[in-house]
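Residue numbers (the working numbering): 911 to 1290.
All C-beta atoms in this analysis are idealised placements derived from N, C-alpha and C, irrespective of residue type, glycine included.
If you're wondering where the values come from, they're calculated on a predicted model, not measured in any experiment.
Scroll down for the structure; my scribbles are underneath it.
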């Protein structure tokens, strides 16, 4: 190609990435009008898996206890009686309903959760990620969209209260990136899956084969969305975002978690996103745009100014989204967002460069390769 064609290609790439960024912020920032609440706390069975003392934080256990006092059925799940979560849970809530037992599938989480899903007996079943804080009113509002047409609602978690910069970066991944893209895709009618609080009626749970409906693909959230939609029901993200206090998070743990999630997505039909997201991210689009300007003969000083304006506009778009969702975005959050964007290409390379998916002492990727197909064949 001639230099002029390359320059136009670069400008087009930069323009497209910037447009996607602002369009996702615009689509995701405004919650839908809330559906009428038609449940009460006593209608819910809440399955709460724990593994290790860090999962049994005081705010989380107290949150579950308050839900029980409001009338909800709480089913705390641990794999073994000597799990590190048992003692701190009992110290805070002596009568906490703790179910003990472990299944034998490729997925350690579902091995733990299975007994809770089988024991759940209320009208609505909520599978809750460890550490998430939700009260009875939020729970009822989150489940409001469930109907004879909407079979599943996912309440995305909203990370908050980071106490280290590494935790701030994790919040930038959870709030500014994942939530923004997922909420935007959901607003366009695209099926999405993510952790947080998964809500479905007990009738729907039984129709998908109970825990088996969560265990058909390597990711349980993706599995249950596919399982419910195959019943002819729709799925959607809820407008309630329960809180996830982050506290102190060491950087190695934060990075390993992002790599694990990226490698998991590579084993799902959504795998192109692992390459797509960095390609239209702030770093790649900004560098491509700067290269296009240089190829067009623009002075280096003006190119540097344009690159700075690009970064500023990118952060402004993220702040616009976060403000719409009542999520904080200060100077520390802006710095964390820049680190996240700078690391986006590195994350993609790290995900592609390995097959291991270490989770709770198990290589989930290896277990899936050896046993996933048989699990899929036996599921409904």
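Pairwise C-alpha distance: residue j and residue i
i            : j            : result
residue 1190 : residue 973  : 39 Å
residue 1012 : residue 990  : 7 Å
residue 1186 : residue 980  : 44 Å
residue 951  : residue 982  : 5 Å
residue 1180 : residue 1001 : 42 Å
residue 1231 : residue 1151 : 14 Å
residue 1071 : residue 1157 : 6 Å
residue 1290 : residue 1138 : Residue placement at residue 1290 cannot be trusted, given a pLDDT of 29 that sits under 50; the coordinates are not used to answer.
residue 970  : residue 984  : 12 Å
residue 1056 : residue 1062 : 6 Å
residue 1205 : residue 924  : 14 Å
residue 1050 : residue 948  : 8 Å
residue 1016 : residue 1121 : 13 Å
residue 1243 : residue 919  : 32 Å
residue 1259 : residue 1195 : 17 Å
residue 1229 : residue 1004 : 43 Å
residue 1155 : residue 1211 : 43 Å
residue 955  : residue 1037 : 8 Å
residue 921  : residue 1078 : 32 Å
residue 1149 : residue 1234 : 12 Å
residue 1269 : residue 1170 : 8 Å
residue 1085 : residue 1237 : 8 Å
residue 1182 : residue 1172 : 11 Å
residue 1254 : residue 1066 : 22 Å
residue 1027 : residue 1202 : 55 Å
residue 1207 : residue 1216 : 14 Å
residue 929  : residue 1029 : 47 Å
residue 1198 : residue 1165 : 26 Å
residue 1240 : residue 1225 : 11 Å
residue 1293 : residue 968  : As displayed, the chain neither begins before 911 nor continues past 1290, which places residue 1293 out of reach and without an answer.
residue 1265 : residue 1088 : 22 Å
residue 927  : residue 1249 : 18 Å
residue 953  : residue 1219 : 51 Å
residue 1245 : residue 1161 : 15 Å
Collapsed DSSP secondary structure at residue i in the structure displayed
i            : result
residue 1026 : helix
residue 955  : strand
residue 1153 : strand
residue 1035 : strand
residue 1102 : coil
residue 1210 : helix
residue 1015 : coil
residue 1183 : helix
residue 1141 : coil
residue 1268 : strand
residue 914  : helix
residue 1008 : strand
residue 1043 : strand
residue 989  : coil
residue 1178 : coil
residue 1158 : coil
residue 1262 : helix
CB of residue i within 8 Å of CB of residue j, strictly
i            : j            : result
residue 1068 : residue 1103 : no
residue 1134 : residue 1174 : no
residue 1247 : residue 1082 : yes
residue 988  : residue 1008 : yes
residue 1362 : residue 1146 : Residue numbering for the chain in the displayed model covers 911 to 1290; residue 1362 lies beyond these limits and cannot be assessed.
residue 963  : residue 998  : yes
residue 1033 : residue 1111 : yes
residue 1018 : residue 1272 : yes
residue 937  : residue 1092 : no
residue 1040 : residue 965  : yes
residue 1116 : residue 1257 : no
residue 977  : residue 1046 : yes
residue 1043 : residue 1153 : yes
residue 1094 : residue 934  : yes
residue 1192 : residue 1213 : no
Boundaries (first-last residue) of the alpha helix (DSSP H) holding residue i
i            : result
residue 1169 : 1161-1175
residue 1111 : From DSSP, residue 1111 is part of no alpha helix (DSSP H) but of the beta strand (DSSP E) over 1106-1111.
residue 1002 : 996-1002
Limits of the beta strand (DSSP E) - the one that residue i falls within
i            : result
residue 1144 : 1144-1147
Minimum Cβ-Cβ distance from residue i to chain B less than 8 Å
i            : result
residue 1146 : Although the question refers to chain B, the structure presented lacks it and comprises just one protein chain.
Any non-hydrogen atom of the ligand COA within 7 Å of residue i CB
i            : result
residue 1079 : You won't find the ligand COA in this model; it holds no ligand whatsoever.
Segments assigned alpha helix (DSSP H), at least 4 residues, entirely inside the stretch 918-987: 968-979
Alpha helix (DSSP H) runs contained entirely in the stretch 1052-1134, provided each spans 4 or more residues: 1075-1081, 1090-1097 and 1112-1117
Completely contained alpha helix (DSSP H) runs for the stretch 1196-1248, where each covers 4 or more residues: 1210-1234
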